[in-house]
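Enquirer: In the numbering used here, the protein residues as written are 2 to 247.
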Ligand code: NAP
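In structure tokens form, the structure reads like this:
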């Protein structure tokens with residue numbers, strides 16, 4: 002379904018990004034597996050994709066670094082001659098109550114989650130405009146939709162991603178580029194593994210489906226948004242959260 006397409010997935014060495022990279026590759030896309038610190042794990046994802054007959058390579062880049070994103074994406078576009086799918090998945094948490102949250106923790110989360118998404122969109126948009134085609138998929142969060150106590154920085158960054166998604170969708174729609182967000186609920190990854198059992202139990206109570214989601218739940222939605230069948234969908238936020246936000 003995605004043969005001859007090139008996809009760049011940020012933070013794809015583990016968790017949700019890894020599942021998205023593998024799912025896009027299984028549909029035929031050549032996938033650039035971006036990582037920041039997890040070089041070995043990104044190499045492992047590339048090996049898994051290649052072992053399954055897919056195309057992939059690992060590329061290091063800190064998405065919070067505007068200049069580095071520019072250089073990395075320009076290099077990818079030069080080498081592949083195109084870029085069809087951008088998935089802005091890289092993200093971090095630095096949870097604390099607002100009263101105790103440091104400026105550094107606020108800035109770090111916003112710089113990675115929100116500015117990182119801007120940085121990558123900015124540096125692929127010219128190429129996608131030239132192609133008159135492209136799919137941009139931003140990973141927001143249920144915390145950006147509903148807010149979450151203890152996550153003022155994270156909720157603000159993920160709500161910002163939704164605003165950015167809608168603005169970019171309006172700017173790019175007439176050139177055949179769609180921009181959508183996925184807002185995952187609580188998904189089983191290293192990000193949620195660190196939560197205490199008490200928090201996990203309290204969260205599960207708030208999920209109508211009464212269980213955490215899997216990375217593949219998000220990956221399937223990303224593949225759909227990248228597919229030809231989703232060509233008339235733009236500026237949307239799709240919650241994949243077991244019914245949390247409704
Ligand atoms: P995770 O397992 O903690 O993985 C985070 C990924 O982001 C890693 O691959 C990491 O790469 C990458 N990353 C972090 N900072 C980066 C940077 N500056 N530059 C490039 N890559 C960077 O998290 P996850 O659960 O898979 O989350 C993936 C996305 O889904 C995030 O945006 C997160 O906010 C969102 N989300 C997750 C949940 C959930 O329940 N898990 C719910 C809602 C939204 P390195 O290891 O190479 O640093």
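Idealized CB from N, CA, C, for every residue including glycine.
Whole angstroms are fine: how far does the CA of residue 204 sit from the CA of residue 131?
Expert: Your numbering for residue 131 matches position 130 in the chain shown. Your numbering for residue 204 matches position 203 in the chain shown. Each residue's alpha carbon lies about 45 Å from the other.
Enquirer: Quick one: complete alpha helix (DSSP H) runs, 4+ long, within the stretch 148-229?
Expert: Listed in chain order, the complete alpha helix (DSSP H) runs (minimum 4 residues) inside the stretch 148-229 are 153-173, 191-194, 198-207, 216-227.
Enquirer: Return the residue from the list 138, 18, 157, 140 that minimises the CA-CA distance to residue 147.
Expert: Your numbering for residue 147 matches position 146 in the chain shown. It is 157.
Enquirer: Exposed or buried, residue 212, counting other C-beta atoms within 10 Å across all chains shown (16 or more means buried)?
Expert: Translated into positions along the chain shown, residue 212 becomes position 211. It is exposed - the Cβ of residue 212 has fewer than 16 other Cβ atoms within 10 Å.
Enquirer: Considering only residues of the same chain and omitting the five flanking positions on each side of residue 124, which have a CB-CB separation below 6 Å?
Expert: In the chain shown, the residue the question calls residue 124 occupies position 123. Excluding positions up to five away in sequence, the list reads 70, 71, 74.
Enquirer: Figure out for me which residue from 16, 66, 89, 7 has the closest Cα to the Cα of residue 28.
Expert: For the purposes of this step, residue 28 is identified with residue 27 of the chain shown, where counting begins at 1. Nearest of 16, 66, 89, 7 to residue 28, Cα basis: 7.
Enquirer: Below 7 Å, is the gap between the Cβ of residue 64 and the nearest heavy atom of the ligand NAP?
Expert: On the chain shown, residue 64 is found 63 positions in, with the first residue counted as 1. Yes - the ligand NAP has a heavy atom lying nearer than 7 Å to the Cβ of residue 64.
Enquirer: Return the chain-ordered list of same chain residues with a C-beta closer than 6 Å to the C-beta of residue 96, the five sequence neighbours on each side being excluded.
Expert: Numbered from its first residue, the chain shown carries residue 96 at position 95. Cβ neighbours of residue 96 beyond the five flanking positions: 151, 152.
Enquirer: In the DSSP output, what is residue 135 paired with across the bridge?
Expert: In the chain shown, the residue the question calls residue 135 occupies position 134. Its beta-bridge partners are 178.
Enquirer: So the candidates are 90, 181, 85; which of them puts its Cα closest to the Cα of residue 18?
Expert: In the chain shown, counting from the first residue as 1, residue 18 sits at position 17. The shortest C-alpha separation from residue 18 is found at 90.
Enquirer: Is the separation between the beta-carbon of residue 42 and that of residue 14 shorter than 8 Å?
Expert: Taking the chain shown and counting its residues from 1, the one referred to as residue 42 is at position 41. Taking the chain shown and counting its residues from 1, the one referred to as residue 14 is at position 13. It is a contact, given that the beta carbons lie within the stated cut-off.
Enquirer: To the nearest angstrom, how far is the alpha carbon of residue 221 from that of residue 101?
Expert: As a first step, residue 221 is located in the chain shown; it is residue number 220 there, counting from the start. As a first step, residue 101 is located in the chain shown; it is residue number 100 there, counting from the start. Residue 221 and residue 101: Cα-Cα distance of roughly 37 Å.
Enquirer: Short of 8 Å in beta carbon distance, which residues of its chain neighbour residue 66, apart from the five on each side in sequence? Order them along the chain.
Expert: By 1-based counting over the chain shown, the position of residue 66 is 65. Cβ neighbours of residue 66 beyond the five flanking positions: 120.
Enquirer: Would the beta-carbon of residue 187 be found less than 7 Å away from any heavy atom of the ligand NAP?
Expert: Taking the first residue of the chain shown as 1, we reach residue 187 at position 186. The answer is yes for residue 187.
Enquirer: Once the 5 residues before and after residue 24 are set aside, which same chain residues still bring their CB inside 6 Å of it?
Expert: Within the chain shown, the letter at position 23 stands for residue 24. Around residue 24: 220, 224.
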